[in-house]
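Engineer: Chains as they are written, first to last, in my numbering: chain A, 30 to 264; chain B, 32 to 200. By construction, the Cβ of each residue, glycine as well, lies at the ideal position given by its N, Cα and C atoms.
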Amino acid sequence: MRSERCREWREQLGAYTLGHLSDEERAGLKAHLEGCPECRAEADSLGSLARLLPHADPSRFGPAPVPPSGLADRVAAAIGAERRAGERRRRVRLGLALSGATAAVAAAVLAIFVISDGGGSSPEQHVAFRDLPSGVKIAATLEPHAYGTEIRMYVSGVRSGTLCRVFLRGPNGGGVPAGTFRYRWGEDSQAVLSSALDISRTVAVVVRAGPRTFTAPVGHSDSAAIDNDPEEDTT
Amino acid sequence: MQSGALKHERDVREAYAAHAGELYGFALRSLGDAGLAEEAVQETFLRAWRAGDRFDPQIGSLRTWLFAILRNVVIDLGRARAVRPKVAEGGVEPAVEPIDDALLAWQMEEAMRQIGEQHRQVLVETYYRGRPYAEVAAELGVPEGTVKSRVYYALRALRVVLEEMGYEE
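1) Would you call the stretch 61-77 of chain B in contact with the stretch 85-92 of chain B, where contact means no fewer than 3 C-beta pairs closer than 8 Å?
2) Using a cut-off of 9 Å between C-beta atoms, extract the partners of A/GLY109 located in chain B.
3) Quick one: which chain A residues come within Cβ less than 7 Å of B/MET143?
4) Measure the Cβ-Cβ separation of B/LEU77 and A/ALA107 and say whether it is below 7 Å.
5) Let's test the definition: count the other Cβ atoms within 10 Å of the Cβ of A/ILE167 and tell me whether it reaches 16, buried, or not, exposed.
6) Got a sec? Which residues, its chain only, sit under 7 Å from B/THR75 by beta carbon, not counting five neighbours each side?
7) If the criterion is Cβ atoms closer than 7 Å, does the pair A/ALA238 and A/PHE158 meet it?
8) How would you list, in chain order, the residues of chain B whose beta-carbon sits under 9 Å from the beta-carbon of A/HIS61?
9) Relative to the alpha-carbon of B/ALA46, which residue among A/ALA114, A/ALA101, A/SER185, A/ILE180 has its alpha-carbon at the smallest distance?
10) Any contact of the stretch 75-95 of chain A with the stretch 34-50 of chain A, i.e. 3+ C-beta pairs under 8 Å?
11) How long is the line joining the alpha carbons of B/LEU134 and A/PRO173, rounded to whole angstroms?
12) Around the C-beta of A/THR46, are 16 or more other C-beta atoms found within 10 angstroms, so that it is buried, or is it exposed?
13) Taking 7 Å as the threshold (C-beta atoms), are A/PRO94 and B/LEU67 in contact?
14) What do you reckon, are the CB atoms on A/LEU192 and A/VAL205 nearer than 7 Å?
15) So what's A/TYR183 in DSSP terms, helix, strand or just coil?
16) Given that A/VAL236 touches chain B, what residues does it touch there, using C-beta distances under 9 Å?
17) By DSSP, does A/ARG188 sit in helix, in strand, or in coil?
18) Any beta carbon from chain B within less than 7 Å of A/LEU47's own beta carbon?
19) Is B/THR177 near B/VAL167, with beta carbons less than 7 Å apart?
20) In this structure, how does DSSP classify B/GLY197 when only helix, strand and coil are distinguished?
21) So, for B/GLY197: in the same chain, excluding its five sequence neighbours on each side, which residues have a beta-carbon less than 7 Å away from its beta-carbon?
22) Answer yes or no: do A/ALA207 and A/VAL195 have a C-beta to C-beta separation smaller than 7 Å?
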């Protein structure tokens with residue numbers, strides 16, 4: 030800005046850009062712009078800005094909308110679930126990698142990976158099936174939900190095509206169905222099932238694989254050893 | 032936030048605190064539905080989390096990156112919603128505001144919110160409502176020349192805000 034005179038012209042540039050000057054005012058300003066490159070540059074810049082104004086809707090200039098207060102928690106919960114799902118996928122890959130090992134070695138390693146994966150803070154509960162026939166591996170992870178319990182089954186070593194039926198046993202001995210799946214050799218041996226029985230009332234997971242029945246205790250006293258604490262593991 | 036941000040859930044919470052307001056504002060502006068806008072914001076942070084180690088603060092700001100993700104999410108949600116049949120006659124399709132127009136509109140409105148009240152007021156009265164300067168001046172109790180110069184300073188303020196928001200012509 031070269032002078033006080035320029036400032037006076039410039040303060041008209043807004044109205045000029047928006048087409049709000051009278052013919053006489055506009056003619057005067059144009060004459061100044063002819064001889065003043067700085068003011069002309071400013072007029073050009075404001076001109077491009079003015080072309081954006083019609084894009085805005087003046088009824089939306091009020092206070093910005095605020096995200097609902099619960100959204101932060103929902104985002105955090107969704108990301109937490111995603112992280113846990115990622116960890117489960119890694120666990121299944123590890124479990125499958127073990128399928129060639131001998132039963133005894135596999136059982137020991139299975140117990141270790143179940144233990145090391147407990148994580149402490151997760152509400153998931155890992156359940157191990159013991160005294161399985163040679164070559165058969167079964168494990169389950171239980172996760173509490175509002176509707177009941179989610180059960181992730183890992184099975185290997187039974188005959189391909191075997192129909193597996195899963196139940197959760199309640200405190201008075203009754204079994205609440207958790208669904209069925211068919212074991213396919215060589216495929217991902219994970220099945221995700223659900224049961225209406227609350228995890229806190231679940232005392233055992235029962236798997237009927239063809240004619241054979243396998244039961245693993247849940248909870249709270251004797252399987253606690255294989256949940257989190259390697260010191261107490263006796264496998 | 033260091034390189035490879037959004038690796039931890041804590042990073043996402045910080046990013047949410049800093050940017051969720053603007054992201055939600057734009058999602059609501061372009062989708063026109065609070066439920067969908069919420070879904071869009073949640074999906075944006077989920078995608079950002081999944082791709083967290085691909086974010087490079089050397090290349091651009093976290094805000095710009097999140098907006099780029101949200102832009103895609105809004106397109107996806109808009110497509111999912113626009114399953115209604117196209118109007119066949121004359122090949123005319125239903126008018127849906129293209130995403131970049133919506134982004135520009137939202138940016139302009141956000142910039143308008145950020146300039147001072149006096150500046151916004153003169154632009155609304157003289158430009159958007161098309162009222163004569165003399166009338167606006169009388170209402171505000173200031174000389175007409177003051178309204179005129181305020182319009183100039185309002186446009187300058189708007190330009191500064193848009194530049195800060197990363198707007199490029």
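Structural biologist: Reading it off the structure:
1) no
2) Listed along chain B, the residues sitting closer than 9 Å to A/GLY109 by beta-carbon distance are GLU40.
3) ALA85, PHE90
4) yes
5) It is buried - the Cβ of A/ILE167 has at least 16 other Cβ atoms within 10 Å.
6) LEU54, LEU97, ILE100, LEU101, VAL104
7) For the 7 Å CB-CB criterion, A/ALA238 and A/PHE158 do not form a contact.
8) Going along chain B, no residue has its Cβ under 9 Å from A/HIS61, so there is no contact; the nearest lies around 14 Å.
9) A/ALA101
10) yes
11) 42 Å
12) buried
13) no
14) no
15) strand
16) In chain order: nothing, as chain B lies at least about 34 Å away.
17) coil
18) yes
19) no
20) coil
21) THR95
22) yes
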